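Novice: Can you keep this structure in mind? I'll have questions shortly.
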Amino acid sequence: MVLAHVAAHSGAEARGVARAVGSPERVVARNLSRLTEDGLLALVDDDAHPAPRSYRLTS
Numbered sequence: 016m017v018l019a020h021v022a023a024h025s026g027a028e029a030r031g032v033a034r035a036v037g038s039p040e041r042v043v044a045r046n047l048s049r050l051t052e053d054g055l056l057a058l059v060d061d062d063a064h065p066a067p068r069s070y071r072l073t074s
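Residue numbers for the sequence shown follow the numbering used here, so the first one is 16 and each next one is one higher.
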C-alpha cells in the first residue's frame with residue numbers, strides 16, 4: 016500500500032502516506048526506508064524544502 020500511494024502521489028511524505036494508508040508513521044517510515052534501500056523509491060532532492068523527506072518512484 017505504501018508503494019502504491021507513492022506511485023500515485025510523487026513527492027509524498029511519511030506523515031501523509033501514514034494518514035492515507037491508516038498505519039502508524041513509524042511503520043510507514045520503516046517501509047519507505049526499506050523500499051528506498053531496495054531501489055524502488057528515491058528521496059526527492061529539493062533544496063528549497065529540505066525537510067521533511069519526500070519520496071518518488073525510481074525511474
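Quick reminder that beta carbons are idealized off the backbone N, C-alpha and C, glycines included. Nothing here was measured: the structure is a model prediction, and the numbers come from that model.
LEU55 by DSSP, collapsed to three states: which one?
Specialist: coil
Novice: Helix, strand or coil, according to DSSP, for ARG49 in the structure here?
Specialist: helix
Novice: For ARG68, does the three-state DSSP call read helix, strand or coil?
Specialist: coil
Novice: Find out if the Cβ-Cβ distance for the pair GLU28, PRO67 is shorter than 8 Å.
Specialist: yes
Novice: With 16 other CB atoms within 10 Å as the buried threshold, where does ALA22 fall?
Specialist: exposed
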